[in-house]
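Q:
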Amino acid sequence: MSLPRTLIRDIGSRVGAEVKVQGWVKTIRDQKKMQFLLLRDHTGVVQATVERSPAKAALNGIISSLTRESAVTVIGTVVANPIVKMGGVEIVIRELTVEAPSDGLIPIDPAGPVEPNPEVRLNWRFLDLRRPETALIFQVQTALEHAMREYWIREGFVEIHSPKLMGSPSEGGAEVFALEYFGRTSYLAQSPQFYKQMAMAGGFDRVFEIGPVFRADPSFTARHATEFTGIDMEMSWVDSHEDVMAFEEQWLRYALERTQAQWGDAIHEVFGVDVRVPAVPFPRVSMDEALEIVARKGHVFPPERRGDLDPTGERLLGEYAMERYGHEFVFVTDYPVDVRPFYHMRHPDAPKVTKSFDLLWKGVEVTTGAQREHRYHVLVAQAKEKGLSLEPIQFYLDFFKYGCPPHGGFGAGLSRMLMVVLNQPNIREVTFLFRGPTRLHP
RNA sequence: GGGGGCGUGGUGUAGCCUGGUUAACACACCUGCCUGUCACGCAGGAGAUCGCGGGUUCAACUCCCGUCGCUCCCGCCA
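The numbering of the first sequence is this note's numbering, which starts it at 324 and goes up by one.
(1) Where does Ala403 land, buried or exposed, given buried means 16+ other C-beta within 10 angstroms?
(2) Would you kindly check if the distance between the Cβ of Leu763 and the Cβ of Glu551 is under 8 Å?
(3) Taking the alpha carbon of His591 as the point to measure from, which residue in Val463, Ile554, Ser485 has its own alpha carbon closest?
(4) Buried or exposed, going by whether 16 or more other CB atoms sit within 10 Å of the CB of His697?
(5) Are the CB atoms of Pro728 and Ser559 nearer to each other than 8 Å?
(6) Taking the alpha-carbon positions, what's the Thr350 to Val536 distance?
(7) Give the DSSP-derived three-state secondary structure of Met740 in the structure shown.
(8) Determine, using beta carbons only, whether Gly731 and Ala693 come nearer to each other than 8 Å.
(9) Taking the alpha carbon of Tyr719 as the reference point, which residue from Tyr666, Lys678, Asp611, Asn749 has its own alpha carbon closest?
(10) Please report the distance separating the alpha-carbon of Glu478 from that of Met471.
(11) Give me the Cα-Cα distance between Pro430 and Pro541, rounded to the nearest whole angstrom.
(12) Name the two residues that bound the continuous beta strand (DSSP E) containing Gly399.
(13) Considering only residues of the same chain and omitting the five flanking positions on each side of Glu498, which have a CB-CB separation below 6 Å?
(14) Quick check on the burial criterion: 16 or more other C-beta atoms within 10 angstroms. Buried or exposed for Phe543?
(15) Please list the terminal residues of the continuous beta strand (DSSP E) segment that includes Ala458.
(16) I'd like the ranges of any alpha helix (DSSP H) spanning at least 4 consecutive residues and lying wholly in the stretch 683-708.
(17) In chain order, which beta strand (DSSP E) runs of at least 3 residues are fully inside the stretch 594-641?
(18) Using the Cα positions of Thr549 and Val598, report the straight-line distance between them to the nearest angstrom.
(19) What's the C-alpha gap between Thr754 and Val687?
(20) Put Pro674 into one of helix, strand or coil per three-state DSSP.
(21) Taking Gly636 as the reference, give the member of Ala522, His650, Val660, Asp611 with the closest Cα.
(22) Does the Cβ-Cβ distance between Val603 and Arg576 come in under 8 Å?
(23) Among Ser563, Ile414, Met357, which one has its Cα closest to the Cα of Gln345?
(24) Using the three-state DSSP reduction, which class does Val369 fall into: helix, strand or coil?
(25) Below 8 Å CB to CB, which residues in the same chain sit around Gly553 once its five sequence neighbours on both sides are set aside?
(26) Quick check on DSSP: helix, strand or coil for His667?
(27) To the nearest angstrom, how far is it from the Cα of Ser325 to the Cα of Gln354?
(28) With DSSP collapsed to three states, give me the class of Arg751.
(29) Residues in the same chain with beta-carbon distance under 6 Å from Pro492, minus the five sequence neighbours each way, listed in chain order, please.
(30) With contact counted as at least three CB pairs below 8 Å, one residue from each stretch, are the stretch 437-445 and the stretch 358-372 in contact?
(31) Please report how far the alpha carbon of Val662 lies from the alpha carbon of Asp631, in whole angstroms.
(32) Quick one: is Glu557 buried, meaning 16 or more other Cβ sit within 10 Å of its Cβ, or exposed?
(33) Do you know how far the Cα of Ile385 is from the Cα of Met357?
(34) Measure the C-alpha to C-alpha separation of Pro634 and Phe654 and round it to an integer number of angstroms.
(35) Ala522 lies in the alpha helix (DSSP H); which residues open and close that run?
(36) Would you decide whether Thr465 is buried or exposed? Buried here means 16 or more other CB atoms lie within 10 Å of its CB.
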């Protein structure tokens, strides 16, 4: 039976034992009498050494011709040695196998002193991912998503996977990608909106979906992508959008509590930011109030904007939430009908105002939600008012003809949340492989 | 889509404004040396038709125009 692999983070507890370590060669210091290697796996870095001697000539030769970033298997004895600055422990190598050598000239150096330009990093993303700081992003993402799912499942939600190929464009707003489909045109889903509502009409009560969504918008900002992972949920028998917000804040509090517990220290060390578990309830301001607050902070809106915040306004409102409530989050509620889609329910006593909300986190829009209009005739009237042609969305309107419960939900962006929680300036770096208007490779 | 900035060895930058030597520096790479390194050190070496095309000029990395790519801000949104 072959020696099982030891992860580098566990080396310290294996002093005196022979271990097998597998990873990449981070540094080679090939000296006259001693050879030093730094080996890295996804859990840490350890020093491995060999003395130069005639008895070890073969091994010495292998190490002399090693290249940095080669993938290797090392077998050796763990030795406690106070001279070693890194943990006081090293591996005395008995055997080294080069599983796959690395070309000497690496396009980017994962162990290098300076970070290459964003373009180079994206071109060679797999090398960039070898950097522990980059890898941490996706460990955090895993924890965050896991906690979200855990909370949903505990609350009786059903996970769905809706199709991304659509026979007709989903409701207006963002642009859609069209593609050839056996002689017809199909469209890539901009969101699972219609289908998660279908699940409500189907009696699922509560559903969530984490999956890809596509937006054909030529957006050139630090927080837009043409394909991203959407986080969506929908719940039945709500009285208003307030029920949805109340759910979301509990759900987020739980997800951040779990993420903070598991990765808070690492995030602090690598990104210099503390994951704060938010107090519940989050502050709420209506759009009318939001506009006043932002105006008091001296931000003048261009005249063509009617009742919506621009990114600067969102940032200022985020500042306000922190100053006034010491809170990173703030719900903005009651958006005017003009800036919301036809399926958002309207206030019975204020028909120009929707029962909707956005959630801002550190001044960045991370969620849009609402109570949906579930009454067929009202929904049809609202679609007509928005100038939509009913025929392409008739399949959707049909959901509401046979007893659809009152319901609401929200959609969030996974990478956007990751960007905010890690204080990263750009969505590209927190996306496994970014897709934008000019980025289709790798 | 609108506006600004930037493209120089494998990587990160300097040089450009105020055209004129072998285009410089750091890291990486190659060779040699080095009694335990730990950002190892020392000596030497290779590696760039300065994004691409055109123009001005005796002369263009440098100035002008175009083009492509990247990037930032605005718009759109998650």
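No residue lacks a Cβ here, since even glycine has one placed at the ideal position from N, Cα and C.
A: So, to answer that:
(1) exposed
(2) Glu is not the amino acid found at residue 551; the sequence shown has Phe there. For Phe551 and Leu763, no; Cβs fall outside 8 Å.
(3) Val463
(4) buried
(5) yes
(6) 41 Å
(7) helix
(8) yes
(9) Tyr666
(10) 11 Å
(11) 29 Å
(12) 394-403
(13) Ala539, Asp540
(14) exposed
(15) Looking at the DSSP string, Ala458 is not in any beta strand (DSSP E); the run it does join, the alpha helix (DSSP H), is 455-477.
(16) 699-708
(17) 607-609
(18) 28 Å
(19) 17 Å
(20) strand
(21) Asp611
(22) yes
(23) Ile414
(24) strand
(25) Ser514, Pro515, Glu532, Ile533, Gly534, Pro535, Val536, Gly734, Ala735, Gly736, Leu737
(26) strand
(27) 32 Å
(28) helix
(29) Val499, Tyr510
(30) no
(31) 7 Å
(32) buried
(33) 14 Å
(34) 15 Å
(35) 516-524
(36) exposed
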